[in-house]
Amino acid sequence: MENEARQNDTIIQVKDLKVNIKTDDGILTAVRGVDFEIRKGETLGLVGESGCGKSLTSKAILGINDKKCSAEGEIIFDADGLGRTDLLKLKPRGDEIRSVRGKQISMIFQEPMVAFSPMYTIGNQINEATLLHITKDKKKSKEISLGVMKKVGIANAEKRYDQYPHEFSGGMLQRALIAMALVCNPKLLIADEPTTALDVTIQAQILELMKELQKDFGMSILFITHDLGTVARMCDRVAVMYLGRIVESATALEIFKNPQHPYTKGLIGSVHKIGTKNQEKLFSIEGTVPLALNLPAGCGFYERCTQRIEGVCNAYDPTLVQVGEDHQVACFACTGCPKGGACGGRGKEGGKDE
Amino acid sequence: MSGKKQILDVQHIHMRFNSKGVCVRAVTDVSFTVDEGETIGIVGESGCGKTTLGRCIVRAYEPSEGEVLYTAGDGETVNFTKIDPKTMKKYRKEIQMIFQDPYSSLDPRMTVYDIIKEPLLANFPKMPKAEMDQRIMDIAAKVGLNTSYLMRYPHAFSGGQRQRIGIARALVLNPRVIVCDESVSALDVSIQAQVINLLHDLQKEFALTYLFISHDLSVVEYISDKVGVMYLGKLVEYAPTKDLFSRPMHPYTESLLSAVPVADPTQQMERIPLEGEIPNPANPPTGCYFHTRCRYCKQQCKETAPEYKELEPGHFIACHRAEELKLKGFQYDD
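Residue numbers (our numbering), protein chains in the order written: chain A, 10 to 363; chain B, 7 to 340.
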């Protein structure tokens, strides 16, 4: 019963998603089996460092990855007009995915300067989506676009409508990009590092705007970032990604209060909190992210982990295990040995001081 | 501040750029002093002139007005803005820069070894090769580069490793002052922590003085002894780090602090919104530059520019109402 209610509540379910990239050195599996779901009206934060596959995951949802990439697994989206469909089974250039892409699921990209074409006016570019998905009537379409531009806080929208991207500041352009994403009233908004390129004051404005609009439009957000500060401000739930896998997922409160995975602990520890006593050193995770080509067996984090258990972590692949209500971790040091008890169950607490 | 030697004394620096007949005031009347071994953080939004200020100090730009007094290692005080290029060269060794983007600040056609060697060649052309090699090896090891990779090209390194190359290049001349212009902004958080720790260790070892320019306030709070806040080319507040973050006295600092994302969902500050956008520096507002966006603005602020003065020991502010306002900052644990 409960399961079914939850089913109805989820808007998108990603199951065992893998993304392979063809390179000169062979096939690189950049996303290695990712599972998550997003419920209605919820914001899920996908956190990880560059190269962990978070952008590939989001682009796989829209089917806009590069030709060199191929995705496997299931992405079940509760689409209007199609019902629950696996987006990966749709033809990438077919009508069905096009009725979803840009309308029901839309995306905000990282760099607003790059996301807009410099050759067309802002109004023209926002209109493109409206004309394609909502109405063929140009006058009506302009009205809708102007309405959304006002909604995202672009002052003087009528004048701004006919301006080109270079006449906008970074913050204003990001607002225009949000307007473009929201103009078709999407059910799911994917925001790929939407504020990374912006100043803190503008960033705070944009984040607040997104929260407000989320309330108004009732949409769900997949918020992709590497900045834990914005995660704390924006997200209901958080999934931490490392090397193409989700290593921990929990509610935002839980992730910050009770992180389990050594990588999550490291990430949180390496951000300095203003007002705390100056530690001698910032906690840092040693080493760098290994290349996803020819990965050794076992946990991807093994080389950099402070709590690794030899003979276990480098031999078996950890999977997500429930450790609390709405809290899953893929780590043997936290959840116990796959062979049963040999490694002494739960790992040490408080990874910060190790 | 007894016993500490002053190393930099920046006096009334102005930097104006002329573009198509329009005069853009990038830096207007900035003054501050830096003691030896200190880290000074400079924060502000993009376009506020913090990079220009850094470049004026290393004299990559010739300031339009003002003086940069530098007390050299030999105890002599020189005025960077007055000396001729030949003498300047002698002092350039002592003041180096680490750049923002680890991708574009390294020449892709030079090996790492050559990149680190270049400053030595320029400054000590007669140094014997063996000694040069030794210095390059030492510094590479010190910043955590694998010395067997020195013959590789920058593309073979990750962002964090490249930033280490940039640091090695700056350190190879044994400088006394390093200007770090957004040096960790382009890095991932875990790598950022590594590089910050490295900068910290190097500072202790070589008694370095840092001028740390960044828009990331938590990094600045962590690394700096004193912090300066810039707005539209002016220094609006300058104070010891803890004072500035716990008791800001300029309204701009207050709203900047309130916008900092805190990595703790239970501890979110109430944001003090800034209305509108940064005015055009080619056509700055009258009076206090900040008055168009300030929520405490009064008639006086629109008419006269506030004086930049020391209200408490070491705490400089440019605001008419600094004394009467009670502004909110971060709460400190102790």
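Beta carbons: idealized from backbone N, C-alpha and C, even for Gly.
Keep in mind it's a predicted model, so treat the numbers as computed, not measured.
1) Please list the residues of the region 181-208 of chain B that have a C-beta atom closer than 8 Å to any C-beta atom in chain A, keeping them in chain order.
2) Whole angstroms are fine: how far does the CA of Glu137/B sit from the CA of Pro174/A?
3) Run down chain A in chain order and give the residues with a C-beta less than 7 Å from the C-beta of Gln274/B.
4) Please identify the residue among Ala80/A, Ile36/A, Leu276/A, Leu207/A whose C-alpha is closest to the C-alpha of Asp25/A.
5) Give the residues of chain A in contact with Arg277/B, contact being defined as C-beta atoms less than 8 Å apart.
6) Strictly by DSSP, which residues pair up with Ile21/A?
7) Apart from the five residues on each side of it in sequence, which residues of its chain come closer than 6 Å, Cβ to Cβ, to Arg254/A?
8) Quick one: grab the DSSP three-state call for Gln17/B.
9) Measure from the alpha carbon of Glu316/B to the alpha carbon of each residue in Val149/B, Leu241/B, Ser220/B, then state which is nearest.
10) For the region 255-283 of chain A, list every residue whose C-beta sits within 7 Å of some C-beta in chain B, in sequence order.
11) What did DSSP end up calling Tyr109/B once you bin it into helix, strand or coil?
12) Distance check for Asp90/B and Val84/B, CA to CA, integer angstroms please.
13) With a 10 Å radius around its C-beta and 16 neighbouring C-beta atoms as the bar for buried, classify Tyr237/B as buried or exposed.
14) Check for me: the beta strand (DSSP E) holding Asn85/B runs from which residue to which?
15) Assign Arg254/A to one of three DSSP states: helix, strand, or coil.
16) Just the Cα atoms here: how many angstroms apart are Lys290/A and Asn203/B?
17) Counting only runs that start and end within the region 185-266 of chain B, where is the beta strand (DSSP E) found for 3 or more residues in a row?
18) Please report the residue range of the alpha helix (DSSP H) in which Leu53/A lies.
19) Is Gln119/A buried or exposed, if buried means 16 or more other CB atoms sit within 10 Å of its CB?
20) Of all the residues that make up the region 60-76 of chain A, which are near chain B by a beta-carbon distance shorter than 8 Å?
21) For the alpha helix (DSSP H) containing Lys10/B, name the first residue and the last one.
22) By a C-beta neighbour count over all protein chains shown, 10 Å radius and 16 as the cutoff for buried, is Asn136/A buried or exposed?
23) Hey, Ile114/A and Pro195/A: beta-carbon distance below 8 Å or not?
24) Reducing DSSP to helix, strand and coil, say where Lys31/A ends up.
25) Cβ of Ile19/B within 8 Å of Cβ of Leu217/B?
26) Roughly how many whole angstroms lie between the Cα atoms of Val248/A and Ala66/B?
27) Can you tell me the Cβ-Cβ gap for Gln106/B and Ala192/B, rounded? I've got them flagged as a contact below 8 Å.
28) Nearest chain B C-beta to Leu304/A closer than 8 Å, yes or no?
29) Which residue's Cα is closest to the Cα of Thr34/B: Lys334/B, Ala288/B, Lys308/B?
30) Would you mind working out which of Phe38/B, Gln17/B, Glu42/B sits nearest Lys210/B, comparing C-alpha positions?
Answer, in terms of the structure:
1) Asp194, Val195, Ser196, Ile197, Gln198, Ala199, Gln200, Ile202, Asn203, His206
2) 53 Å
3) Arg242
4) That would be Ala80/A, whose Cα lies nearest to the Cα of Asp25/A.
5) Ala213, Glu217
6) Ile47/A, Phe86/A
7) Arg41
8) strand
9) Leu241/B
10) Ala261, Leu262, Phe265, Gly275, Leu276, Ile277, Ser279, Val280, His281, Lys282, Ile283
11) coil
12) Taking the straight line joining both Cα atoms gives about 11 Å.
13) Its Cβ being crowded by 16 or more others within 10 Å, Tyr237/B is buried.
14) 83-85
15) strand
16) A straight line joining the alpha-carbon of Lys290/A with that of Asn203/B spans about 6 Å.
17) 215-219, 232-237, 240-246
18) Not the alpha helix (DSSP H): Leu53/A falls in the beta strand (DSSP E), residues 52-56.
19) In summary, Gln119/A is buried, with 16 or more beta-carbon neighbours lying within 10 Å of its beta-carbon over all protein chains present.
20) none
21) It is not in any alpha helix (DSSP H) - Lys10/B carries neither H nor E in the DSSP assignment.
22) It is buried - the Cβ of Asn136/A has at least 16 other Cβ atoms within 10 Å.
23) yes
24) strand
25) no
26) At residue 248/A the sequence reads Ala, which differs from the Val that was named. When rounded, the distance between both Cα atoms is 45 Å.
27) Confirmed, about 6 Å.
28) no
29) The shortest Cα separation from Thr34/B among Lys334/B, Ala288/B, Lys308/B belongs to Ala288/B.
30) In this structure, Glu42/B is the residue among Phe38/B, Gln17/B, Glu42/B with its C-alpha nearest to the C-alpha of Lys210/B.
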